[in-house]
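For the sequence shown, position 92 (counting from the first letter as 1) is numbered 92 according to UniProt numbering, and the numbering increases by one without interruption.
Glycine included, each C-beta is placed from N, C-alpha and C at the ideal position.
What follows is a single structure, written as structure tokens, with notes after it.
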Amino acid sequence: MKNALSILFILGLLRAQELAREDRDLLKWAVAYYQRGEWNEAIKIIEDALPNLEIEERFEAHKYLGMSYARLNNNISAKEHFKILLKLNPKFALNSVDADPLRVKLLNDAKKEIAYESAF
1 MKNALSILFI
11 LGLLRAQELA
21 REDRDLLKWA
31 VAYYQRGEWN
41 EAIKIIEDAL
51 PNLEIEERFE
61 AHKYLGMSYA
71 RLNNNISAKE
81 HFKILLKLNP
91 KFALNSVDAD
101 PLRVKLLNDA
111 KKEIAYESAF
């Protein structure tokens, strides 16, 4: 009986690793959709994969969710994802490719909101 439970446990771990790998692959697909300008598709894929991503991958997921929502002029959702991103990495800054005026403003607004929330 103990051996059977051990085998089931190991199989469960292997399956979890396989699912995590699949979610990482989904994130790569989502980035490709983002880069092609298919922001709605990128959002859908990332939101499906997000619950199963590791912390480093969640950081990237929220970055692309924020940028995708900004491209779609959904500034509220963009700012919310930038806030999550900044909570994961307070030193995050947009690179020169991603730093258009709207995204810079949304990121700065997210920083201000986090600072305000932290003050109380």
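### Query
Rounded C-beta distance between K88 and V104? I'm assuming under 8 Å.
With the sequence shown as reference, residue 88 is identified as Leu, and Lys is not the correct amino acid for it. 19 Å between Cβ atoms; not a contact.
### Message
Would you say the beta carbon of F59 is closer than 6 Å to some non-hydrogen atom of the ligand ATP?
### Response
As far as ligands go, the structure on display features none, and thus does not contain the ligand ATP.
### Straight-line gap, G66 to D25 (C-alpha atoms, nearest Å)
C-alpha separation (whole angstroms): 19 Å.
### Message
Assuming contact is defined by CB atoms lying nearer than 7 Å, are L72 and A61 in contact in what I supplied?
### Response
no
### Message
Just to confirm the assignment, what range does the alpha helix (DSSP H) spanning S68 have?
### Response
55-71
### Query
Rounded to the nearest angstrom, how far is the Cβ of Y64 from that of A42, given a contact under 8 Å?
6 Å
### F82 and A110 closer than 7 Å at C-beta
yes
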